[in-house]
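Residue numbers (the numbering used here): 964 to 1448. Below is one structure, written out as structure tokens, with a few remarks after it.
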Ligand code: NAP
């Protein structure tokens, strides 16, 4: 298959997917291949009137969809999974082209998406609800899970396919319809998935994809009177804006936001494994992952050994064409993300950090940056506080475990943390003390489907995946029965 064999997945002309139809778009936006800055396609830029149109379509479809029953809905997800599997390589190539991640990672993302569809496809076959023993004879209670109605899903650019399925699968199986607004940087994957939903014959209006700016179209969807639930993955800044807007109508909101994961390498760690994983957890997707290792804390007794192994592995970071099978680091997603990254690294250097490693820069067009490893980083430096979406790995030595706990928890974020140790009491002390929704012990991500991906503090509200994630997409109704004659 060639690198561009995804053309059949994207709409032939700029359009939004609304109620099984491809609605033409007037105002247009270029989608850029970040590896060479070429325009791949154009998509529509919807506004408030488009939001109103799509919300009405999704609302009209919802009652009928909910009435179909769990198993019928689940079977649609399984059918979609089979279609996605058939198009796996084309979807992976599309991900590489519009987002810039290396092909091997793109294939992993397709597998993540398939797992999500199949896992929640299975939810249609599980029993739901409870019976309650009520006070007094002849009385009983029943709790039922009910869909909310129309879910608005706002997704980021770093996992355009996995975020689409993470929201769509539980929302649909629960009986909701959905309106998805992808990031302006990566709308094509969502439009491609809309095509595949059409092939899966998911009824009209159940899945809708509209494209446009977050501050215009996204905001209009969030504020729309027919929106019953908002689920968003993205930055803490945008999450706050959405939460404020949703407060007007008291609409439930689930937010998966930024992170600043500490990666703690203790005296008892397997150093070779820790060094390899520290690098992988930082460099994945060119450092553009919410659970990336953002600050590596290494015990002084193993610091030299760790640095030796880390720098050795860093030599294997091949930067280049993301379609190439050997590439480890592709381009940043866009120019402003690249410039932000360069600014973070420059500031760290001006605050005293030393460059222990700098990869070979790719030249020519494209949003290229070099991976960097920093040492001698002051514990108060900005690079240890602000989320940095890029391949920079600052290393800090520590001697007292209580210090490293305090530094880790001093962050406003609390999404994930990593602990490398063989000594169980140390592992458990860290796991008990770290203020984050996920702790990876002697392993790195990605998170798994039956876990619960949820940030603490400013990393989010609610969460996705697993049984608990499913609960985001249902509300409860309690029936009180009295059957005394
Ligand atoms: P972003 O700028 O917050 O955008 C995310 C989405 O929100 C985009 O579709 C964006 O639209 C939209 N949006 C922005 N402002 C909005 C508003 N006022 N109302 C409605 N929608 C709005 O984030 P990003 O740069 O795409 O993604 C990177 C961020 O996502 C990082 O902070 C990362 O940590 C976080 N993230 C978190 C997780 C997690 O699971 N916790 C996973 C992945 C990423 P446009 O950009 O198209 O205008």
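We put the beta carbon where it would ideally sit given N, CA and C, even for glycine.
Closer than 7 Å: residue i CB and nearest ligand 1 heavy atom
| i | result |
| --- | --- |
| residue 1095 | no |
| residue 1176 | yes |
| residue 1196 | yes |
| residue 1204 | yes |
| residue 1087 | no |
| residue 1422 | yes |
| residue 1144 | yes |
| residue 1378 | yes |
| residue 1013 | no |
| residue 1182 | yes |
| residue 1127 | no |
| residue 1249 | no |
| residue 1201 | yes |
| residue 1221 | yes |
| residue 1216 | no |
| residue 1320 | no |
| residue 1160 | no |
| residue 1416 | yes |
| residue 1147 | yes |
| residue 1350 | yes |
| residue 1172 | no |
| residue 1121 | yes |
| residue 1117 | yes |
| residue 1382 | no |
Of the residues the options, the one placed nearest residue i, counting alpha carbons only
| i | options | result |
| --- | --- | --- |
| residue 1064 | 1292, 974 and 981 | 1292 |
| residue 1272 | 1058, 1234, 1254 and 1104 | 1234 |
| residue 1132 | 1263, 1436, 1300 and 1111 | 1436 |
| residue 1304 | 1335, 1325, 1200 and 1317 | 1335 |
| residue 1001 | 1418, 1373 and 1327 | 1327 |
| residue 1405 | 1359, 1380 and 1088 | 1380 |
| residue 1007 | 1361, 1311 and 1179 | 1179 |
| residue 1036 | 1140, 1224, 1077 and 1057 | 1140 |
| residue 1451 | 1150, 1207, 1111 and 1276 | Nothing about residue 1451 can be reported from this structure: the residues present for the chain run from 964 to 1448 only. |
| residue 1163 | 1310, 1442 and 1039 | 1039 |
| residue 1112 | 1020, 1085 and 1199 | 1020 |
The beta strand (DSSP E) enclosing residue i, as first and last residue numbers
| i | result |
| --- | --- |
| residue 985 | 984–987 |
| residue 1262 | 1256–1262 |
| residue 1305 | Note, residue 1305: premise wrong, no beta strand (DSSP E); alpha helix (DSSP H) at 1298–1313. |
| residue 1219 | 1216–1219 |
| residue 1093 | 1093–1096 |
| residue 1211 | Residue 1211 -> no beta strand (DSSP E), and no H or E assigned at all. |
| residue 1317 | 1317–1321 |
| residue 1438 | 1437–1445 |
| residue 1290 | Element bounds for residue 1290: n/a, residue is neither H nor E. |
Enclosing alpha helix (DSSP H) for residue i [first to last residue]
| i | result |
| --- | --- |
| residue 1049 | 1033–1049 |
| residue 1152 | 1150–1162 |
| residue 1449 | Past the boundaries of the shown model lies residue 1449; the chain is included only from 964 to 1448, so the question cannot be answered. |
| residue 1371 | 1364–1372 |
| residue 1352 | Where residue 1352 is concerned, there is no enclosing alpha helix (DSSP H), given that its DSSP letter is neither H nor E. |
Beta carbon of residue i nearer than 8 Å to that of residue j
| i | j | result |
| --- | --- | --- |
| residue 1029 | residue 1138 | yes |
| residue 1385 | residue 1264 | no |
| residue 1229 | residue 1103 | no |
| residue 1060 | residue 1003 | yes |
| residue 1177 | residue 1201 | yes |
| residue 1142 | residue 1171 | yes |
| residue 1354 | residue 1259 | no |
| residue 1129 | residue 1445 | no |
8 Å Cβ cutoff, residue i in contact with chain B
| i | result |
| --- | --- |
| residue 1246 | In summary, chain B is missing from the structure at hand, where a single protein chain is found. |
Please go through the region 1109–1146 and give each complete beta strand (DSSP E) segment of 3 or more residues, from N-terminal end onward. 1113–1117 and 1140–1144
Tell me the start and end of each unbroken beta strand (DSSP E) in the region 985–1024 that is at least 3 residues and wholly inside, in chain order. With a minimum length of 3 residues, the continuous beta strand (DSSP E) runs that stay inside the region 985–1024 are 991–996 and 1001–1007.
What are the start and end residues of each continuous alpha helix (DSSP H) run of 4 or more residues lying completely inside the region 1168–1198, in chain order? 1182–1186
Suppose only complete runs of 3+ residues qualify. What are the beta strand (DSSP E) ranges in the region 1380–1423, listed by chain order? Unbroken beta strand (DSSP E) runs of no fewer than 3 residues, entirely contained in the region 1380–1423, are found at 1401–1404, following chain order.
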